[in-house]
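Enquirer: Numbering (full-length UniProt numbering), first residue to last: 1 to 260. In this text, a Cβ means the ideal position worked out from N, Cα and C, and glycines have one as well. Following this message is one structure expressed as C-alpha cells.
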Amino acid sequence: MIEILNPTELARARDTGALVADILQSLKARSTVGTNLLDIDRWAQTMIVEAGAQSCYVDYEPSFGRGPFGHYICTSVNDAVLHGLPHDYTLADGDLLSLDLAVSKAGVAADSAISFIVGASRPPESVALISATERALSAAIAAAGPGARIGDISHAIGTVLLDAGYQVNTQFGGHGIGSTMHQDPHVSNTGRPGRGYQLRPGLLLALEPWVMADTDELVTDPDGWTLRSATGSRTAHSEHTIAITDDGAEILTAPDHAQN
Numbered sequence: 001m002i003e004i005l006n007p008t009e010l011a012r013a014r015d016t017g018a019l020v021a022d023i024l025q026s027l028k029a030r031s032t033v034g035t036n037l038l039d040i041d042r043w044a045q046t047m048i049v050e051a052g053a054q055s056c057y058v059d060y061e062p063s064f065g066r067g068p069f070g071h072y073i074c075t076s077v078n079d080a081v082l083h084g085l086p087h088d089y090t091l092a093d094g095d096l097l098s099l100d101l102a103v104s105k106a107g108v109a110a111d112s113a114i115s116f117i118v119g120a121s122r123p124p125e126s127v128a129l130i131s132a133t134e135r136a137l138s139a140a141i142a143a144a145g146p147g148a149r150i151g152d153i154s155h156a157i158g159t160v161l162l163d164a165g166y167q168v169n170t171q172f173g174g175h176g177i178g179s180t181m182h183q184d185p186h187v188s189n190t191g192r193p194g195r196g197y198q199l200r201p202g203l204l205l206a207l208e209p210w211v212m213a214d215t216d217e218l219v220t221d222p223d224g225w226t227l228r229s230a231t232g233s234r235t236a237h238s239e240h241t242i243a244i245t246d247d248g249a250e251i252l253t254a255p256d257h258a259q260n
C-alpha cells in the first residue's frame, strides 16, 4: 500500500515528526557512560505516553522477528545495527549507540534513527561510519522530490556508502510510512537511477542508510530481533522521515524541524 497524505494529514505528520525528533535528542543527551539500555526504553515510554502518542514497536510482530517486540525503542550498540532489543546492558565510554524510534500520533507515524558515540572517546572507525550514513542520508533527501524516482534515492545513498568504502546490504532499507510504520515503496540503500516508483507530493518516506565496517552480512541474536554485523565490526544507522512536497522534500524528523 502506498499512501498519499492530504494537507490535514501532512500537518499531523509534522507534529509526529517533531515529537520523534525531540524524544531522540532528549534520549541522546541522557545516554551517558553508565546508562542502562532498559532505562532508555523506559524514558522513551514515558515521553511517548505523556505526549498522547503510541509506540509503533511494542506490538510490532513482522515475519522476520520473534515478536511482539515488546519495547518502545530500538537500542543497537557497537556491532548491532538494526532492531536492537533493549536489554540489561550498561553503556561504556566509546560505545557506538544507535537509537531507532517510530511513533504514531493522531493517526500518522514518523520514524527516525541516530547514531552517536557515548562518552569522551572518539574511535576513528566509529566517527567515519556515522559520518558516512549521515552524508548518505543528506544525499538521499537531496535526490527526493516530485517526479524523482525511488531508484534516484537508492542510487544517491549507495554512491556515498560505496565511495566511502563500505559494502551495502539490501535486505533492509527505507520504506513508505503514513498511517502505519512500514508501507510501500521499499527504498533500497543502493540502486539504479531513473527506476521505480515516481514520487508525488504527499508521499512520506522513511530513508535509512546503515552500514557495517567490513561486511554486508547480518546475523541475528538469540533474542530473535537484534541484527549484528557477521564479523563483529562496528555499525551505524541514520534515518529521517521526509514528506515529498511541490518544491522538494521536507524533513519531518529533523531536530530543528528544518526543510530541505
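Apart from the five residues just before and just after Arg-149, which ones in its own chain have a Cβ nearer than 8 Å to its Cβ?
Expert: The answer, listed in chain order, is Pro-193, Gly-194, Arg-195, Gly-196, Tyr-197, Gln-198, Leu-199.
Enquirer: Count the CB pairs spanning the segment 140–158 and the segment 181–190 that are closer than 8 Å, and state whether there are at least three.
Expert: yes
Enquirer: Look up Pro-201 in the DSSP assignment and say whether it is helix, strand or coil.
Expert: Here Pro-201 sits in coil by DSSP.
Enquirer: Which residues in the same chain as Thr-16 place their Cβ atom closer than 8 Å to its Cβ, once the five residues preceding and following it in sequence are excluded?
Expert: Ala-53, Val-103, Ser-104, Lys-105, Ala-106, Val-108, Ala-109, Ala-110, Leu-252
Enquirer: Could you name the residues of the same chain whose beta carbon sits closer than 6 Å to that of Ala-80, not counting the 5 residues immediately before and after it, in chain order?
Expert: So the qualifying residues of the chain are Thr-226, Arg-228.
Enquirer: Who are the near neighbours of Arg-30 in its chain, counting only those whose CB is closer than 7 Å to its CB and skipping five residues on each side?
Expert: So the list reads Trp-43, once near-sequence residues are dropped.
Enquirer: Check this for me: beta carbons of Glu-217 and Ala-230, under 8 Å apart or not?
Expert: Pairing Glu-217 with Ala-230 gives a Cβ-Cβ distance under 8 Å.
Enquirer: Over what stretch of residues does the beta strand (DSSP E) that includes Ile-130 continue unbroken?
Expert: Ile-130 -> not in any beta strand (DSSP E); alpha helix (DSSP H) instead, spanning 124–143.
Enquirer: Just verifying my parser: in three-state terms, what is the DSSP assignment at Trp-43?
Expert: Helix, per DSSP.
Enquirer: With burial defined as no fewer than 16 other Cβ atoms inside 10 Å of the residue's Cβ, what is the status of Thr-224: buried or exposed?
Expert: Before going further, note that residue 224 is Gly rather than Thr in the sequence given. Under this definition Gly-224 is an exposed residue.
Enquirer: On the three-state DSSP scale, how would you describe Asp-79?
Expert: Note: Asp-79 maps to coil in three-state DSSP.
Enquirer: Within this structure, are the beta carbons of Leu-126 and Leu-96 separated by less than 8 Å?
Expert: The amino acid occupying residue 126 in the given sequence is Ser; Leu does not appear at that position. If you check the CB distance, Ser-126 and Leu-96 come in under 8 Å.
Enquirer: Going by the C-beta, is Gly-196 closer than 7 Å to any heavy atom of the ligand MN?
Expert: As for the ligand MN, it is missing from this structure, which has no ligand bound.
Enquirer: Evaluate Thr-90 with the Cβ neighbour count: other Cβ atoms within 10 Å of its Cβ, from every protein chain shown; 16 or more gives buried, anything less gives exposed.
Expert: exposed
Enquirer: Distance check for Ala-249 and Gln-259, CA to CA, integer angstroms please.
Expert: Residue confidence for Gln-259 is low, a pLDDT of 38 falling below 50, so the modelled location carries little weight; the figure read from the coordinates is stated next. In a straight line, the C-alpha of Gln-259 is about 7 Å away from that of Ala-249.
Enquirer: Using CA atoms only, rank isn't needed, just tell me which of Asp-221, Ser-138, Lys-28 is closest to Ile-114.
Expert: Lys-28
Enquirer: Would you be able to state if there are at least three C-beta pairs under 8 Å between the segment 174–182 and the segment 122–137?
Expert: no
Enquirer: Have a look at Arg-122 and Trp-210 and give me their C-alpha separation to the nearest angstrom.
Expert: About 19 Å.
Enquirer: In whole angstroms, what is the alpha-carbon distance linking Ala-11 and Gly-145?
Expert: 18 Å
Enquirer: Hey, how far is the Cα of Pro-62 from the Cα of Ser-55?
Expert: Taking the straight line joining both Cα atoms gives about 15 Å.
Enquirer: Which whole-angstrom value is the C-beta distance of Leu-38 and His-83, which I expect to be below 8 Å?
Expert: No, Leu-38 and His-83 are not in contact; Cβ-Cβ is about 16 Å, not under 8 Å.
Enquirer: Keeping to the same chain, check which residues put their C-beta closer than 7 Å to that of Arg-14; ignore five residues upstream and five downstream.
Expert: Leu-252
Enquirer: So is Gly-202 buried or exposed if we call it buried at 16+ other beta carbons inside 10 Å?
Expert: buried
Enquirer: Buried or exposed, going by whether 16 or more other CB atoms sit within 10 Å of the CB of Asp-41?
Expert: buried
Enquirer: Could you say which of Ala-254, Gln-167, Asp-100 lies nearest to Leu-85 if we only look at CA atoms?
Expert: That would be Asp-100, whose Cα lies nearest to the Cα of Leu-85.
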